[in-house]
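For reference, the structure discussed in these notes is given below.
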Ligand code: SF4
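Chains as they are written, first to last, in our numbering: chain A, 1224 to 1422; chain B, 37 to 505.
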């Protein structure tokens, strides 16, 4: 898995509450059997007009100034809905490496870490403030430092954030979960033996 | 110390809790389906790994298969590819597959209990968020992402942090006309769509105890819509009775002995929870969602919200957007909302009991002239056969409903059944998100009886006043 240590990038605002996985990637695109190639399908119903290809001028993220964005700024309960990993795949394929929001749906949050993407929880006021700053300044960039658990603003201001130490460790090292678990293969085998003995 | 059911299951499945990292939890059942598994099998192959316990893994095709004639090939090449891939992966790994021609086929969350694969005290996972359904049997069941599917295939375990627990106690006897669907929608209306985030919910109380196993599955199914990863109900005699004689129970243990061991998983009296929410069943009305999230719900006697009366600015914004998408004015009485489509099905409400309740409403009536499509999709082959044996299909057909093959159907809108822009559908499914049943389609979530009644009258009506023929 891709590791994540420090990332600097343009921030794109997505002003919506409870963005669900169907809005992140509509289900007609879940029929593929690959893990990649989902970039054009991200936010499909919002991003394009009814013909499915002309960019929707009313969708804020379509503005040229956000074209190269790699940090997504959004609102509460992002990623709710289904457990499908296509949602983080689509965000990642589009170029997002980090998400900033007050809260996330559980399964989506986990899925991000399994795909080398960092979802950060920030207090509501901080998020509101960032929305204002992003819109006020074209080319607004943030630097996210996972090592230091700190976000640096263009004016040098700093925003600290929290993360479960294990999740931090995993992303920093790009650890593959299965590999990690298989270090304890003997314990799994012992568990299975104990169970079949008692059953 | 008295323990709740979650704590018991957790303790019994804990393989190892390495210092500073997530606990390794053993998984008893892994249900696999065609949409979220191909990338996981591919990942295994690339890493040179194999499926650790194929005999604990069961696969079905449900999301992407046609609900019309199964004898014809699947029209969409991508759906076909997914379905074929699953068959090949299962064959290679030695996993039992209930394919689309198998009599045991159906929605994964309907057939697991039907076959007795789902049992109390188990840990159950599936790459589908409504896996919480199996919690109705007192199993810890939840949806996982594809990376986790791969993890379970390779290790038969999952990395987990312990959840907080929430007791949702629904006291009082359920009034007549009120169903499990109304209970769970009322709960979501109460705690909100993120109210359960970080929690595993246990549903308790007289109204929950009074529900059939089918009803309990409906409640647990929608736990995820309240933000909870899992929802469960302590097993009791009803649980044991439902499972008696099911094909996948352990063969060498008598049912009596099994039943006793199942009951031991139930929460101890006096156990504690991190949070307790109480509702009184006697106050629950038939529920109808008016907006684009399951929490945007009200009683059938209610109205859509009035924006000026909504204090919180963020909520007001969300309501405004939802009303706009739904094409509804503020303050509209629910009973004035007219529909043009109806869908009865999904893993929330497509079991035999749901079909019986719906058929009782439909009997002797005709679908309203304004309804363009009214679909009834049984949750499994088994449900379909049973319904046909009871003549329910005839009741539906005579009333003008379409009777389909089993599957997920419009619920997911991945196969051909979907809404067109502007369509308004009364649906027994679990999600009313924007575009959920097709782009621009508007979905109102209701119970089976409410859905059928709306299809007959062309608008929502209070099922408590229905004249049964
Ligand atoms: S009905 Fe819906 S949630 Fe249930 S299995 Fe099918 S797609 Fe998944």
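Glycine included, each C-beta is placed from N, C-alpha and C at the ideal position.
Q.
Beta carbons nearer than 7 Å to chain B: which residues of the region 1386 to 1404 of chain A have them?
A. Result list: 1388, 1389, 1400, 1401, 1404.
Q) Does any residue of chain A bring its CB to less than 9 Å from the CB of residue 83(B)? A) Along the second chain, read from residue 1 onward, the residue named residue 83(B) stands at position 47. True, the Cβ-Cβ gap to chain A drops below 9 Å.
Q) Mapping DSSP to helix, strand and coil, what is residue 117(B)? A) Mapped onto the second chain, residue 117(B) falls at position 81. Here DSSP, grouped into helix, strand and coil, assigns residue 117(B) to helix.
Q) Heavy atom of the ligand SF4 less than 8 Å from the Cβ of residue 382(B), yes or no? A) Stepping through the second chain from its first residue, residue 382(B) is reached at position 346. Relative to the ligand SF4, the nearest heavy atom lies less than 8 Å away from the CB of residue 382(B).
(Q) Strictly below 8 Å CB to CB, what residues from chain E border residue 60(B)? (A) The question asks about chain E, but that chain is absent: this structure's protein chains are A and B.
Q) DSSP three-state call for residue 1233(A): helix, strand or coil? A) Start at 1 with the first residue of the first chain, and residue 1233(A) comes out as number 10. In this structure, residue 1233(A) counts as strand in the three-state DSSP scheme.
Q.
Give me the chain A residues within the contact set of residue 164(B), using Cβ-Cβ distance strictly less than 9 Å, ordered along the chain.
A. As a working note, residue 164(B) is residue 128 in the second chain. Contact note: residue 164(B) reaches chain A through 1305, 1306, 1307, using a C-beta cutoff of 9 Å and chain order.
(Q) Against chain B, with Cβ distances strictly below 9 Å, would residue 1272(A) count as a contact? (A) Within the first chain, the letter at position 49 stands for residue 1272(A). It does not; no Cβ of chain B falls within 9 Å.
Q. Going by beta carbon distance, what residues of the same chain come within less than 7 Å of residue 447(B), once the five residues before and after it are set aside?
A. As a first step, residue 447(B) is located in the second chain; it is residue number 411 there, counting from the start. Its pLDDT being 44, under 50, residue 447(B) is placed unreliably in this model, and the value from its coordinates should be taken loosely. Excluding its 5 nearest sequence neighbours in each direction, residue 447(B) has C-beta neighbours in its own chain below 7 Å: 381, 382, 465, listed in chain order.
Q: Out of 1295(A), 1275(A), 1396(A), 1273(A), state which residue places its alpha-carbon closest to the alpha-carbon of residue 1283(A).
A: As a working note, residue 1283(A) is residue 60 in the first chain. It is 1295(A).
Q | Contact set between residue 52(B) and chain A, taken where Cβ atoms lie within less than 7 Å | A | Walking along the second chain from the start, residue 52(B) turns up at place 16. 1407, 1410, listed in chain order.
Q. Regarding residue 269(B) and the ligand PLP, is the C-beta to nearest heavy atom distance less than 8 Å?
A. Because the ligand PLP does not appear in the structure shown, any question about it cannot be addressed here, the ligands present being the ligand SF4.
Q.
On the DSSP letters alone, give me the boundaries of the beta strand (DSSP E) that residue 1261(A) sits inside.
A. By one-based count along the first chain, residue 1261(A) stands at place 38. Secondary structure note for residue 1261(A): it is in no beta strand (DSSP E), with a DSSP letter that is neither H nor E.
Q. Near residue 452(B), what residues of its chain come up, given a Cβ to Cβ distance below 6 Å and the 5 sequence neighbours on each side ignored?
A. To locate residue 452(B), count along the second chain from 1; it is residue 416. Because residue 452(B) carries a pLDDT of 47, less than 50, the predicted location of this residue cannot be relied on, and the following value inherits that uncertainty. In its own chain, leaving out the 5 sequence neighbours on each side, no residue places its CB closer than 6 Å to the CB of residue 452(B).
Q: Give a yes or no on whether the C-beta atoms belonging to residue 67(B) and residue 164(B) are separated by under 9 Å.
A: As a working mapping, residue 67(B) is identified with position 31 in the second chain. As a working mapping, residue 164(B) is identified with position 128 in the second chain. Yes, these two residues count as a Cβ contact at 9 Å.
**Q.** residue 1236(A), buried or exposed, once every other Cβ within 10 Å from all chains shown has been counted against 16
**A.** In the first chain, the residue the question calls residue 1236(A) occupies position 13. Residue 1236(A) should be labelled buried.
Q. Since residue 293(B) meets chain A, which of its residues come closer than 7 Å, beta carbon to beta carbon?
A. Taking the second chain and counting its residues from 1, the one referred to as residue 293(B) is at position 257. Around residue 293(B), no beta-carbon contact reaches into chain A at under 7 Å, the shortest distance being about 12 Å.
Q.
If distances are taken between C-alpha atoms only, which option among 84(B), 85(B), 113(B) comes closest to residue 1256(A)?
A. One-based indexing of the first chain puts residue 1256(A) at position 33. With distances taken between Cα atoms, residue 1256(A) lies closest to 113(B).
Q.
Quick test of your reading: residue 269(B) and residue 172(B), contact by CB under 8 Å. State the CB separation rounded to the nearest angstrom.
A. In the second chain, residue 269(B) corresponds to position 233, counting from 1. In the second chain, residue 172(B) corresponds to position 136, counting from 1. Going by Cβ atoms, the distance from residue 269(B) to residue 172(B) rounds to 6 Å, so yes, they are a contact pair.
(Q) Could you check whether the Cβ of residue 1414(A) sits closer than 9 Å to any Cβ belonging to chain B? (A) Translated into positions along the first chain, residue 1414(A) becomes position 191. Taking Cβ atoms only, chain B reaches closer than 9 Å to residue 1414(A), which makes this a yes.
(Q) Classify residue 70(B): buried if its beta carbon has 16 or more other beta carbons within 10 angstroms, exposed otherwise. (A) The residue you call residue 70(B) lines up with position 34 of the second chain. Buried.
Q. Hey, which unbroken runs of the beta strand (DSSP E) at 3 residues or more fall wholly within the region 254 to 318 of chain B?
A. With a minimum length of 3 residues, the continuous beta strand (DSSP E) runs that stay inside the region 254 to 318 of chain B are 266 to 268, 311 to 316.
Q: State yes or no: is the C-beta of residue 98(B) nearer than 8 Å to some heavy atom of the ligand SF4?
A: In the second chain, the residue the question calls residue 98(B) occupies position 62. For the ligand SF4, at least one heavy atom lies less than 8 Å from the Cβ of residue 98(B).
Q.
Measuring straight from C-alpha to C-alpha, what distance separates residue 1349(A) and residue 1383(A)?
A. On the first chain, residue 1349(A) is found 126 positions in, with the first residue counted as 1. On the first chain, residue 1383(A) is found 160 positions in, with the first residue counted as 1. Spanning the alpha carbons of residue 1349(A) and residue 1383(A) requires a straight line of approximately 11 Å.
Q: Would you tell me roughly how many angstroms separate the C-alpha atoms of residue 232(B) and residue 434(B), rounded to the nearest one?
A: As a first step, residue 232(B) must be located in the second chain, where it is residue number 196. As a first step, residue 434(B) must be located in the second chain, where it is residue number 398. So the two alpha carbons sit approximately 42 Å from each other.
Q: Taking C-beta pairs closer than 9 Å, name the residues in chain A that residue 187(B) reaches, listed in chain order.
A: For the purposes of this step, residue 187(B) is identified with residue 151 of the second chain, where counting begins at 1. Under the 9 Å cutoff, chain A gives 1337, 1400, 1401, 1404.
Q: Report buried or exposed for residue 37(B), applying the criterion of at least 16 other Cβ atoms within 10 angstroms of its Cβ.
A: In the second chain, counting from the first residue as 1, residue 37(B) sits at position 1. Label assigned to residue 37(B): exposed.
Q) Does the distance from the CB of residue 1251(A) to the CB of residue 1269(A) come in under 9 Å? A) Within the first chain, residue 1251(A) is the residue found at index 28, counting from 1. Within the first chain, residue 1269(A) is the residue found at index 46, counting from 1. Cβ distance not < 9 Å, so residue 1251(A) and residue 1269(A) don't count as in contact.
Q) Is the CB of residue 1370(A) under 9 Å away from at least one CB in chain B? A) What you label residue 1370(A) is simply residue 147 of the first chain in a count that begins at 1. False, the Cβ-Cβ gap to chain B never drops below 9 Å.
Q) Going by DSSP, what residues sit across from residue 475(B) in a beta bridge? A) Translated into positions along the second chain, residue 475(B) becomes position 439. Among the bridge pairs identified by DSSP, residue 475(B) is matched with none.
Q.
Any beta carbon from chain A within less than 9 Å of residue 71(B)'s own beta carbon?
A. The sequence position of residue 71(B) within the second chain is 35, counting from 1. Yes, contact with chain A.
Q: Give the residues from the region 190 to 202 of chain B that approach chain A closer than 8 Å (Cβ to any Cβ), ordered along the chain.
A: Look at the region 190 to 202 of chain B: the residues with a C-beta under 8 Å from a C-beta of chain A are 190, 191, 192, 193, 195, 197.
Q.
Please give the ranges of any beta strand (DSSP E) in the region 390 to 435 of chain B, keeping only runs that are unbroken, at least 3 residues long and fully inside the region.
A. For the beta strand (DSSP E) assignment, the uninterrupted runs of no fewer than 3 residues enclosed by the region 390 to 435 of chain B are, from N- to C-terminal side, 409 to 412.
Q. Would you call the region 170 to 189 of chain B and the region 1330 to 1339 of chain A touching, i.e. three or more CB-CB distances under 8 Å?
A. Result yes; three or more Cβ-Cβ pairs closer than 8 Å.
Q: Let me know if residue 455(B) comes out buried or exposed under the rule of 16 or more other beta-carbons within 10 Å of its beta-carbon.
A: Counting from one through the second chain, the residue named residue 455(B) turns up at place 419. With 16 or more other Cβ atoms from the protein chains shown falling within 10 Å of its own Cβ, residue 455(B) counts as buried.
Q. Under the rule that 16 or more other beta-carbon atoms within 10 Å means buried, what is residue 252(B), buried or exposed?
A. To locate residue 252(B), count along the second chain from 1; it is residue 216. Buried: at least 16 other Cβ atoms inside 10 Å.
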